[in-house]
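Chemist: Going left to right, the sequence shown walks through residues 1 to 339 as full-length UniProt numbering numbers them.
Below is a structure I'd like to ask you about.
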Amino acid sequence: MAVIVLKCPEIEVAVVDISVSRIAAWNSDTLPIYEPGLDEVVKKCRGKNLFFSTGVEKHVSEADIVFVSVNTPTKTQGLGAGKTADLTYWESAARMIADVSKSNKIVVEKSTVPVKTAEAIEKILNHNSKGIDFQNLSNPEFLAEGTAIQDLFNPDRVLIGGRETLEGQKAIEALIGFVWTGSYAPTSGLPSYRSLLPNANAFLAQKISSVNAMFALCEATGADVSQVSHAVGKDTRIGSKFLNVSVGFGGSCFQKDILNLVYICKCNGLPEVANYWKQVIKINDYQKTRFVNRIVSSMSELANNDVGSNIIIGSIFKNNKNKTNIDELRTEIRFTVKT
Ligand SMILES: NC(=O)C1=CN([C@@H]2O[C@H](COP(=O)(O)OP(=O)(O)OC[C@H]3O[C@@H](n4cnc5c(N)ncnc54)[C@H](O)[C@@H]3O)[C@@H](O)[C@H]2O)C=CC1
Ligand SMILES: O=C(O)[C@H]1O[C@H](OP(=O)(O)OP(=O)(O)OC[C@H]2O[C@@H](n3ccc(=O)[nH]c3=O)[C@H](O)[C@@H]2O)[C@H](O)[C@@H](O)[C@@H]1O
Numbered sequence: 001m002a003v004i005v006l007k008c009p010e011i012e013v014a015v016v017d018i019s020v021s022r023i024a025a026w027n028s029d030t031l032p033i034y035e036p037g038l039d040e041v042v043k044k045c046r047g048k049n050l051f052f053s054t055g056v057e058k059h060v061s062e063a064d065i066v067f068v069s070v071n072t073p074t075k076t077q078g079l080g081a082g083k084t085a086d087l088t089y090w091e092s093a094a095r096m097i098a099d100v101s102k103s104n105k106i107v108v109e110k111s112t113v114p115v116k117t118a119e120a121i122e123k124i125l126n127h128n129s130k131g132i133d134f135q136n137l138s139n140p141e142f143l144a145e146g147t148a149i150q151d152l153f154n155p156d157r158v159l160i161g162g163r164e165t166l167e168g169q170k171a172i173e174a175l176i177g178f179v180w181t182g183s184y185a186p187t188s189g190l191p192s193y194r195s196l197l198p199n200a201n202a203f204l205a206q207k208i209s210s211v212n213a214m215f216a217l218c219e220a221t222g223a224d225v226s227q228v229s230h231a232v233g234k235d236t237r238i239g240s241k242f243l244n245v246s247v248g249f250g251g252s253c254f255q256k257d258i259l260n261l262v263y264i265c266k267c268n269g270l271p272e273v274a275n276y277w278k279q280v281i282k283i284n285d286y287q288k289t290r291f292v293n294r295i296v297s298s299m300s301e302l303a304n305n306d307v308g309s310n311i312i313i314g315s316i317f318k319n320n321k322n323k324t325n326i327d328e329l330r331t332e333i334r335f336t337v338k339t
């Protein structure tokens, strides 16, 4: 949103959140997230055409276009727990939009929502007795944490999906007004767009798991994995990105999106495809365990002395992120030390 307001000064954007502390932070000198370049953009536009507020209902009712980027974590209980996305926040946001709206609106999905289940959102929005027309568009975000502003200024691609009706196409045209650059892919039905981000993320994660599997073999055979991965990355069909060996991928999206994909494949009678993607997560778990085992065995004193001391080993894969993979590793380390 910050980049949209910078590029489109004539458009007023209100960023709303039910979290009072988050909005207070957005209005302060210390923003709640760190991204290179974000501070400058926010400080330049805040109070002019960019506002942060907890007045969710007021701003939603006044808006022409509502972008929804609420959290969609992996479900922790009920049907599909540990696999599919928890749409509670999305559903409650959709209900609120339907309740407070007094005029037609374009509702843009920024959250990663699974294909098919998202049809329920359209039903919630369109099941109103006020005669309001909601056009639901999908505009998946491809930014990565740590390079978000750069990714938004120079996107590889911008995708917008909507209904193949006259109203749907008009809504897409209206949204394109906000999307100032990047290649604009031809539109097609919403299911294609909702399938895109989880599948693209699964492909990227699969590359990391492949290079980490290659790493294990390189170590066993005395080869230098950086030379091998460099050579593999020179193949333009494969490319050099996402070929860095690591302690396994973390982050907020890969694991949750792949679990979602696995669940959807199973629900659609495709167990083999589900197992294929599941394997990417299994290799990632194997990589984490391999890393931890290596650390623990090289610290023999720690391995032989289960005194419950807290030793935290952290790892940051890349600069400019305010998160690390440390939580996952901490769990793994405790488990390893105690057994
Ligand atoms: N973080 C990333 O790099 C990317 C995230 N996504 C997707 O975007 C979505 C959001 O991700 P994050 O920003 O990382 O999550 P987040 O958890 O940091 O932020 C979500 C915010 O939504 C607020 N919220 C929940 N319900 C609300 C409601 N009814 N009204 C107003 N605010 C509400 C929460 O208070 C929270 O502050 C997820 O679906 C994620 O998969 C997609 C691409 C990139
Ligand atoms: O759907 C999303 O939310 C986003 O998920 C990822 O973005 P992000 O999770 O911010 O982080 P990345 O920098 O892409 O890395 C993900 C994980 O993979 C690991 N990684 C990445 C690259 C690599 O070569 N090796 C590797 O182990 C990182 O350490 C990190 O834990 C994708 O890169 C974005 O395109 C996507 O929009």
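All residues carry an ideal CB built from backbone N, CA and C; glycine is no exception.
It should be emphasised that the depicted structure is a prediction, and the values quoted were computed from it without experimental measurement.
(1) So, V171 versus G161, is the Cβ gap smaller than 7 Å?
(2) Ligand 2 and S246: does any heavy atom of the ligand fall closer than 6 Å to the residue's C-beta?
(3) Given this structure, state the Cα-to-Cα distance separating P140 from F254, to the nearest angstrom.
(4) If I follow the unbroken beta strand (DSSP E) through E109, where does it start and stop?
(5) In the DSSP output, which residue or residues are listed as bridge partners for I172?
(6) Just checking S19 against ligand 1 - is the residue's beta carbon closer than 6 Å to any of the ligand's heavy atoms?
(7) Please identify the residue among G55, I18, L6 whose C-alpha is closest to the C-alpha of R46.
(8) Comparing alpha-carbon positions, which option in V211, Y34, R237 lies nearest V247?
(9) If you compare alpha carbons, which of D29, S252, R290 is closest to F215?
(10) Pairing CB atoms from the segment 103-114 with CB atoms from the segment 66-74, are three or more of them under 8 Å?
(11) Would you please state the rounded distance, in angstroms, between the beta carbons of L143 and V113? I believe it to be under 8 Å.
(12) For V225, report the span of its beta strand (DSSP E) as first-last.
(13) Ligand 2 and F91: does the residue's C-beta get closer than 6 Å to at least one heavy atom of that ligand?
(14) Give me whichever residues DSSP pairs with R46 in a beta bridge.
(15) Taking 6 Å as the cut-off, is the C-beta of I208 nearer than that to any heavy atom in ligand 2?
(16) Buried or exposed: where does L259 fall if 16 or more other Cβ atoms within 10 Å of its Cβ makes it buried?
(17) By the DSSP assignment, the beta strand (DSSP E) with A14 in it spans what residues?
(18) Using the rule of at least 16 other Cβ atoms within 10 Å of the residue's Cβ for burial, across every protein chain shown, is T76 buried or exposed?
(19) Could you check the C-alpha separation between V42 and L50 for me, to the nearest Å?
(20) Using only CA atoms, which one of L243, G78, A24 lies nearest to S209?
(21) Under a three-way DSSP split, which group does Q206 fall into?
(22) One question on the structure: do D17 and I23 come within less than 7 Å of each other, judged by their Cβ atoms?
(23) Whose C-beta lies closer than 7 Å to the C-beta of V70 among residues of the same chain, with five residues either side of it excluded?
(24) With distances taken from CA atoms, which of V13, T74, A231 is nearest K256?
(25) In angstroms, rounded to a whole number, what distance separates the CA positions of S240 and T54?
(26) Let me know if I176 comes out buried or exposed under the rule of 16 or more other beta-carbons within 10 Å of its beta-carbon.
Modeler: The answer reads as follows:
(1) By one-based count along the sequence shown, residue 171 stands at place 171. By one-based count along the sequence shown, residue 161 stands at place 161. Checking the displayed sequence, the identity of residue 171 turns out to be Ala instead of Val. No, the pair does not count as a contact, with Cβ atoms beyond the cut-off.
(2) As a position in the sequence shown, residue 246 is number 246, starting the count at 1. Yes, ligand 2 has a heavy atom inside 6 Å of this Cβ.
(3) Walking along the sequence shown from the start, residue 140 turns up at place 140. Walking along the sequence shown from the start, residue 254 turns up at place 254. Cα to Cα, the separation comes out at about 14 Å.
(4) Numbered from its first residue, the sequence shown carries residue 109 at position 109. DSSP places E109 inside the beta strand (DSSP E), whose first and last residues are 105-109.
(5) For the purposes of this step, residue 172 is taken as the residue at position 172 of the sequence shown. According to DSSP, which records beta bridges pairwise, I172 is partnered with nothing at all.
(6) Taking the sequence shown and counting its residues from 1, the one referred to as residue 19 is at position 19. Indeed, a heavy atom of ligand 1 lies less than 6 Å from the Cβ.
(7) Mapped onto the sequence shown, residue 46 falls at position 46. Nearest C-alpha to R46: L6.
(8) In the sequence shown, counting from the first residue as 1, residue 247 sits at position 247. The shortest Cα separation from V247 among V211, Y34, R237 belongs to V211.
(9) As a first step, residue 215 is located in the sequence shown; it is residue number 215 there, counting from the start. Checked all of D29, S252, R290; the closest Cα to F215 is R290.
(10) yes
(11) Counted from its first residue, the sequence shown places residue 143 at position 143. Counted from its first residue, the sequence shown places residue 113 at position 113. About 17 Å; that fails the 8 Å criterion.
(12) Locating residue 225 in the sequence shown gives position 225, where the first residue counts as 1. Element bounds for V225: not the beta strand (DSSP E) but the alpha helix (DSSP H), 225-234.
(13) One-based indexing of the sequence shown puts residue 91 at position 91. Note that residue 91 is Glu in the sequence shown here, rather than Phe. No, Cβ of E91 sits at least 6 Å from all heavy atoms of ligand 2.
(14) Taking the first residue of the sequence shown as 1, we reach residue 46 at position 46. Answer by DSSP bridge pairing, in chain order: L50.
(15) As a working note, residue 208 is residue 208 in the sequence shown. True, at least one ligand heavy atom lies under 6 Å from that Cβ.
(16) Counted from its first residue, the sequence shown places residue 259 at position 259. Buried.
(17) Taking the sequence shown and counting its residues from 1, one reaches residue 14 at position 14. Segment 13-16, the beta strand (DSSP E) holding A14.
(18) Along the sequence shown, one-based indexing puts residue 76 at 76. It counts as exposed.
(19) Within the sequence shown, the letter at position 42 stands for residue 42. Within the sequence shown, the letter at position 50 stands for residue 50. C-alpha separation (whole angstroms): 8 Å.
(20) In the sequence shown, the residue the question calls residue 209 occupies position 209. Closest by alpha carbon: L243.
(21) Locating residue 206 in the sequence shown gives position 206, counting from the first residue. If DSSP states are grouped into helix, strand and coil, Q206 belongs with the helices.
(22) Counting from 1 along the sequence shown, the entry for residue 17 is found at position 17. Counting from 1 along the sequence shown, the entry for residue 23 is found at position 23. Result yes, Cβ atoms of D17 and I23 sit closer than 7 Å.
(23) Mapped onto the sequence shown, residue 70 falls at position 70. Around V70, the same chain offers Y89, W90, A93, S111 as residues with beta carbons nearer than 7 Å, after the five sequence neighbours per side are excluded.
(24) Counting from one through the sequence shown, the residue named residue 256 turns up at place 256. Residue T74 is the option with its Cα nearest to K256.
(25) Translated into the one-based positions of the sequence shown, residue 240 becomes position 240. Translated into the one-based positions of the sequence shown, residue 54 becomes position 54. In a straight line, the C-alpha of S240 is about 42 Å away from that of T54.
(26) In the sequence shown, counting from the first residue as 1, residue 176 sits at position 176. With fewer than 16 Cβ atoms within 10 Å of its Cβ, I176 is classed as exposed.
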